[in-house]
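A.B. asks:
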Amino acid sequence: MSVVATRTHDQPDSEQYGDNFAAIRLIAAVLVVFGHSFPLTGGHGPGYLGNPVSTLAVKVFFVISGYLISESWVRDPNMVRFLLRRSLRIFPALIVLCLVTVFVVGPTLTALPVSTYFDKSGTWSYFWNVGLLPNYSLPGVFASNIYPNAVNGSLWTLPVEFLMYLIIPLVLLLPMSRYAALAAALALSAASVWFTRMHIPDAPPVFWGTNSLNVLEMAPYFLWGAAYRLWCKGGQHVNLQVAVLMLLLLPLLATDWLRSEVVALIVVPYLTLAFGHAGPPVFARVERYGDLSYGAYLYGFLCQQIVAHFLPSANQSLNFLLAVVPTLLLGMLSWKLVEEPALKLKPRRKVRRSDVIASKNATQPFSTHPGG
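For what it's worth, the working numbering labels the leading residue of the sequence shown as 6, then goes sequentially.
#1: At what residue ranges does the stretch 115-145 contain a whole run of the alpha helix (DSSP H), taking only runs of 4 or more?
#2: State the Cα-Cα distance for the pair tryptophan 213 and glutamine 246, rounded to the nearest angstrom.
#3: Which first and last residues belong to the alpha helix (DSSP H) in which tyrosine 233 is found?
#4: Rounded to a whole number of angstroms, what is the C-alpha to C-alpha distance between alanine 231 and phenylalanine 43?
#5: In chain order, what residues of the same chain have a beta carbon less than 7 Å from the beta carbon of glycine 47, not counting five sequence neighbours either side?
#6: For the alpha helix (DSSP H) holding proline 164, just list the boundary residues, first then last.
#7: Take the Cβ of asparagine 157 as the centre, count every other Cβ of all protein chains shown within 10 Å, and call the residue buried at 16 or more, exposed below.
#8: So is leucine 303 in contact with chain D if we call contact Cβ pairs under 8 Å?
#9: Rounded to the nearest angstrom, what separates proline 295 and valine 63 at their Cα positions?
#10: Name the DSSP beta bridge partners of phenylalanine 212, please?
#11: Let's test the definition: count the other Cβ atoms within 10 Å of the Cβ of glutamate 345 and tell me whether it reaches 16, buried, or not, exposed.
#12: From which residue to which residue does the alpha helix (DSSP H) around proline 206 run?
#13: Between which two residues does the alpha helix (DSSP H) harbouring serine 77 extend?
#14: I need the straight-line Cα distance from leucine 252 to serine 265, nearest angstrom please.
#15: Alanine 313 and leucine 333: beta carbons closer than 8 Å?
#16: Can you name, in chain order, every residue of its own chain whose Cβ lies under 6 Å from the Cβ of tyrosine 131, other than the five neighbours on each side?
#17: Quick check on DSSP: helix, strand or coil for glycine 55?
#18: Okay, do the stretch 302-322 and the stretch 270-279 touch, 3+ Cβ pairs below 8 Å being the bar?
#19: Spatial neighbours of valine 119 within its chain, please: C-beta separation below 8 Å, excluding the five flanking residues on both sides.
#20: In whole angstroms, what separates the C-alpha of threonine 115 from that of leucine 307?
#21: Can you give the Cα-Cα distance for alanine 148 and asparagine 154, rounded to whole angstroms?
#22: Hey, serine 75 and isoleucine 173: beta-carbon distance below 8 Å or not?
#23: Which value, in whole angstroms, describes the spacing of the CA atoms of leucine 235 and isoleucine 311?
#24: Quick check: the Cα distance between leucine 323 and leucine 297, rounded to an integer number of angstroms?
#25: Output the boundary residues of the alpha helix (DSSP H) element that contains asparagine 324.
#26: Does DSSP put leucine 258 in a helix, a strand or coil?
#27: Just mark threonine 260 as buried or exposed, buried being the case when its beta carbon has 16 or more other beta carbons within 10 Å.
#28: CA-CA distance, isoleucine 69 and tryptophan 129?
#29: Distance check for phenylalanine 227 and methionine 169, CA to CA, integer angstroms please.
#30: Check for me: the alpha helix (DSSP H) holding phenylalanine 200 runs from which residue to which?
#31: For threonine 60, is the beta carbon positioned less than 7 Å from some heavy atom of the ligand HEM?
#32: Which same chain residues, not among the five before or five after tryptophan 262, have their C-beta less than 8 Å away from its C-beta?
#33: Quick check on DSSP: helix, strand or coil for glutamine 21?
#34: On a CA-only basis, which of Ser339, Val267, Asn83, Phe87 is nearest leucine 191? Give me that one, please.
#35: What is the DSSP secondary structure of methionine 181, counted as helix, strand or coil?
#36: Rounded to whole angstroms, how far is the Cβ of serine 339 from the Cβ of alanine 34, which I believe are closer than 8 Å?
Printed below as a string of structure tokens:
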């Protein structure tokens with residue numbers, strides 16, 4: 006499992022969408038757990054468009070993230086407030102996850118004496134994950150699992166996500182930002198296909214613990230989400246019927262690994278946003294339970310490895326079924342106890358008097374008088 010997919014997401018502050026994005030994120034989070042259940046039990050899972058199910062699900066997350074985060078920047082293009090919002094979205098839940106992993110899961114499941122576990126430098130280096138430097142193992146934890154030593158293989162996408170937080174404002178600050186975002190999406194798509202499918206380097210550069218190929222694999226989907234936000238806000242020019250036709254017909258062109266990724270770069274962003282804006286938003290009620298998807302992403306892999314630890318002979322289906330319920334419950338607890346309170350600390354843009362006047366004018370009925 007060279008790429009252990011996860012999920013990443015965000016949404017503009019204080020904005021309620023009458024859409025299906027929350028449901029899509031939750032479905033994608035469950036698909037990540039489903040996809041991981043195969044390699045974690047020694048199997049090979051199904052794929053689509055040349056991607057494992059879990060990897061394809063994470064690409065859906067990056068599309069939604071690019072779309073919604075670009076909306077957040079467009080509404081308040083202030084770098085300090087933008088990064089504070091993004092940090093409050095990612096880090097509080099991540100910090101709690103690391104604390105739970107090191108101080109609860111680790112000493113409970115390590116094969117080492119507890120005192121030895123806490124004496125090991127590897128125990129404390131796990132907290133590098135808080136600084137977005139991926140560290141996947143804890144001393145003696147899951148060493149005998151079928152997929153050994155990996156405590157949480159989902160954390161690799163967080164530095165990729167945060168990198169995109171730094172890149173997207175730079176793109177959107179350029180003149181003619183709509184064209185800049187489109188050009189960036191096209192350029193990164195070409196680079197992704199070239200380096201991850203056609204000419205894979207023997208020793209790809211690694212920056213801050215992150216393989217550059219992982220960045221190239223996911224970044225185009227984020228930028229396509231941003232480009233769609235600038236060109237098709239609110240789902241304009243994105244048609245569900247066209248999306249279904251693309252889903253049925255374009256995969257016929259995916260005859261090999263290379264063509265599959267080219268097709269995925271076309272189909273996944275369009276399909277994600279078309280279903281996200283499909284009306285009426287029949288799945289919008291999912292939001293009443295909170296945004297479980299980030300917490301589910303953080304805890305899913307860990308829950309599955311715990312299941313594999315206690316039930317090493319469990320097959321893929323049993324691993325998935327036993328892990329998905331606690332994953333969703335932990336996602337709900339993470340949202341209620343950590344994420345939602347943290348989001349209340351987000352800085353708010355000061356509303357100018359001119360903005361209020363413009364908003365009021367925009368809600369007035371049009372006059373039928375030529376001078377009105």
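Ideal Cβ placement from N, Cα and C applies to all residues, glycine included.
C.D. replies: Let me spell this out:
#1: 119-124, 126-130
#2: 43 Å
#3: 217-236
#4: Going by the C-alpha atoms only, they are around 32 Å apart.
#5: Setting aside the 5 residues that flank it on each side, glycine 47 is surrounded in the same chain by Ile151, each with a C-beta closer than 7 Å to its C-beta; the list follows chain order.
#6: 162-177
#7: buried
#8: Absent here is chain D; the protein component of the structure consists of one chain.
#9: Residue identity check: residue 295 is glycine in the sequence provided, not proline. Straight-line Cα distance between these residues: approximately 20 Å.
#10: Checking the DSSP bridge columns, you'll see phenylalanine 212 partnered with Thr215.
#11: Residue environment for glutamate 345: exposed (fewer than 16 other C-beta atoms within 10 angstroms of its C-beta).
#12: Taken as a continuous stretch (DSSP letters only), proline 206 belongs to no alpha helix (DSSP H), as it is neither H nor E.
#13: 58-80
#14: Distance between the alpha carbons of leucine 252 and serine 265 is about 12 Å.
#15: Judged by beta-carbon spacing, leucine 333 lies beyond the 8 Å limit of alanine 313, meaning their Cβ atoms are not closer than that value.
#16: Contacts found: Val107, Asn140, Leu143.
#17: coil
#18: no
#19: Closer than 8 Å at the Cβ level, and outside the excluded window around valine 119, lie Pro112.
#20: Approximately 14 Å, taken between the alpha carbons.
#21: 5 Å
#22: yes
#23: 43 Å
#24: 22 Å
#25: 321-339
#26: helix
#27: exposed
#28: 34 Å
#29: Methionine 169 and phenylalanine 227: Cα-Cα distance of roughly 8 Å.
#30: Per DSSP, phenylalanine 200 belongs to no alpha helix (DSSP H) and is neither H nor E.
#31: The ligand content of the structure shown is nil, which means the ligand HEM is not present either.
#32: Gly55, Arg202
#33: Bear in mind that the predicted position of glutamine 21 carries a pLDDT of just 44, short of 50, making it unreliable; the figure below should be weighed with that in mind. It is coil, neither helix nor strand.
#34: Val267
#35: Correct three-state label for methionine 181: coil.
#36: About 12 Å; that fails the 8 Å criterion.
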